[in-house]
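One rule links them: number in our numbering = place in the sequence shown (from 1) + 6.
Quick reminder that beta carbons are idealized off the backbone N, C-alpha and C, glycines included.
Written below as structure tokens is the structure these notes are about.
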Amino acid sequence: MATDEGGLSRRRFLQLAATGAAAAAGGGVPLLLSCGDATGPRNGQGERSPLRAPGSLAASGATLTAAAGIAGIGGDESVPTWLYNGLLPGPTIRARRGDRAQIRLLNQLTEPSIVHWHGLLVPEEADGHPRYAVAPGESFDYDFPVAQRAGTFWYHPHPHHLTAGQIHRGLAGFFIIGDEEEDALGLPAGEREVLLLLQDRDGDAELAFGYAPTDADLHTGMLRDVPFGNGIRMPTLSVTGARYRLRVLNGSQARVYRLGLSDGTPLTVIGNDGGLLATAAEVDSVFLGVGERVDLLLDFAALPVGSRVMLKSLPF
């Protein structure tokens, strides 16, 4: 990325990057091509369904109910899952720096559970340690200050020996923090802020959300071939000719992604696990480990109407 005098301030760069033409120029963005070496859909699943936008929940006075349910995964297919508030992914909890989060967890599962606020600075007793796990039918009350700068975080179960299975069955969601510093940057918002919970799963609907790791999975990591975004098998997103903010979370069991666009267009990285970067960076691809987040700006202004570009998991 060329800069004047060796650098470009975060505020100036992001203000320039976020001020794109908003003229309609609709196109499709398949949000991941494949998790393996193939360059197309697996198991005969050629159809793509729209990416599901997570629901929202304020951090003050919130209730998260963990319970078994049914969720659609694309097309006319629905599968048994475990859900927060009946949603897949769980509702996106939104707060601002200086707020106070007051959240009650209700456990209506068949096994103990507790919630960990991944990446948040919280008191020890609110961090979701396994020793605080509550039994089926019980609840846990969280009360903590939102003490950090704007960023993309997430929440997930954290009971001893049960965390992987509960996440894989569907229990996870975003926790988004905003502040005045971020407000001043004028970043894309509303429909142009896209949240993507990325997971690799089995392409068979009956197996996709079932947790039955093999001996090989336990030794080398549970890897599956089909990408799911926000619980949807190989989703697609229709966009306009504008700039979008894409917050990506790797909620997979073991897979590390190297994300890039199919047409080679650079990704503009503006944030990661710690929030907004001091300086934005243009990269050809970005690695995303398990539990990590990356905050991207994507510009679709130059795409012809009806064109398609894919977010790919590149080999490495």
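Just how far apart, CA to CA, sit Leu303 and Asp269?
Spanning the two alpha carbons is a distance of roughly 16 Å.
Pro272 versus Ala287: straight-line alpha-carbon distance, rounded:
Between Pro272 and Ala287, the alpha-carbon positions lie close to 10 Å from each other.
Minimum length 3: unbroken beta strand (DSSP E) runs contained in the region 71 to 135
Segments of the beta strand (DSSP E) lying fully in the region 71 to 135: 83 to 90, 98 to 102, 106 to 114 and 121 to 124.
If you draw a straight line from the alpha carbon of Gly61 to that of Leu201, how long is it in whole angstroms?
Going from the Cα of Gly61 to the Cα of Leu201 covers about 11 Å.
Mind checking Leu126: buried by the 16 CB within 10 Å criterion, or exposed?
Sixteen is the threshold: when 16 or more other Cβ atoms of the shown chains lie within 10 Å of the Cβ of Leu126, as they do, the residue is buried.
Taking the runs of the beta strand (DSSP E) that are 3 residues or longer, which of them lie wholly in the region 198 to 242?
Runs of the beta strand (DSSP E) inside the region 198 to 242: 199 to 207 and 232 to 235.
Between Val128 and Ala195, what straight-line distance do the alpha-carbon atoms span, to the nearest angstrom?
So the alpha carbons of these two residues sit roughly 27 Å apart.
Nearest-angstrom Cβ-Cβ length linking Thr169 and Pro142, presumed shorter than 8 Å
So it is not a contact: roughly 16 Å between Cβ atoms.
Specify the secondary structure class of Ala139 as computed by DSSP and reduced to three states.
Residue state, collapsed to three classes: coil.
Secondary structure at His174, three-state DSSP: helix, strand or coil?
Of the three classes helix, strand and coil, the one that applies to His174 here is helix, per DSSP.
Can you tell me the Cβ-Cβ gap for Gln205 and Phe234, rounded? I've got them flagged as a contact below 8 Å.
Rounded, the Cβ-Cβ distance is 5 Å, consistent with contact.
For the beta strand (DSSP E) holding Leu301, just list the boundary residues, first then last.
Reading off the sequence, residue 301 comes out as Asp, not Leu. For Asp301, the enclosing beta strand (DSSP E) begins and ends at Arg299 to Asp305.
Please confirm whether Arg299 and Val254 have their CB atoms less than 9 Å apart.
Val254 sits close to Arg299, with the two beta carbons spaced by under 9 Å.
Bridge partners - Pro151, DSSP secondary structure assignment:
Beta-bridge partners assigned by DSSP to Pro151: Arg106.
First and last residue of the alpha helix (DSSP H) that includes Glu188?
Counting along the chain, Glu188 sits inside the alpha helix (DSSP H) bounded by residues Glu186 to Asp189.
Specify the secondary structure class of Thr274 as computed by DSSP and reduced to three states.
Residue state, collapsed to three classes: strand.
Taking the C-alpha atoms as reference points, what is the distance between Leu22 and Pro56?
With a pLDDT of 36 at Leu22, under the threshold of 50, the modelled position of this residue cannot be trusted, and the question is left open.
Please state the DSSP three-state secondary structure of Thr285.
Strand.
Which residue from Pro151, Leu63, Asp133 and Ile238 puts its Cα closest to that of Asp105?
Asp105 has its Cα closest to that of Pro151, out of Pro151, Leu63, Asp133 and Ile238.
Ignore the nearest five residues each way along the sequence and tell me which others in Glu199's own chain have a CB closer than 6 Å to its CB.
Excluding sequence neighbours, Glu199 sits near Arg251.
Please report the straight-line C-alpha distance between Gly157 and Ile99, rounded to a whole angstrom.
So the alpha carbons of these two residues sit roughly 12 Å apart.
Assign Glu131 to buried or exposed, taking buried as 16 or more other Cβ atoms, counted over all protein chains shown, within 10 Å of its Cβ.
With fewer than 16 other Cβ atoms inside 10 Å of its own Cβ, Glu131 counts as exposed.
Is it buried or exposed, Asn49, if we count other Cβ atoms within 10 angstroms and call 16 or more buried?
Because Asn49 sits at a pLDDT of 37, beneath the cut-off of 50, its placement in the model cannot be relied upon, and the point is left open.
Using only the alpha-carbon positions, how far apart do Ala333 and His166 sit?
Residue numbering for the chain in the displayed model covers 7 to 322; residue 333 lies beyond these limits and cannot be assessed.
DSSP on Gly196, reduced to helix/strand/coil?
Gly196 falls in the helix class under three-state DSSP.
With DSSP as the reference, label Thr246 as helix, strand or coil.
Here Thr246 sits in coil by DSSP.
Note the first and the last residue of the continuous beta strand (DSSP E) segment covering Gly257.
Neither: Gly257 is in no beta strand (DSSP E) and is coded neither H nor E.
So, does the region 255 to 265 touch the region 79 to 91, judging by three or more C-beta pairs under 8 Å?
Contact between the region 255 to 265 and the region 79 to 91 is not established, with fewer than three Cβ pairs separated by less than 8 Å.
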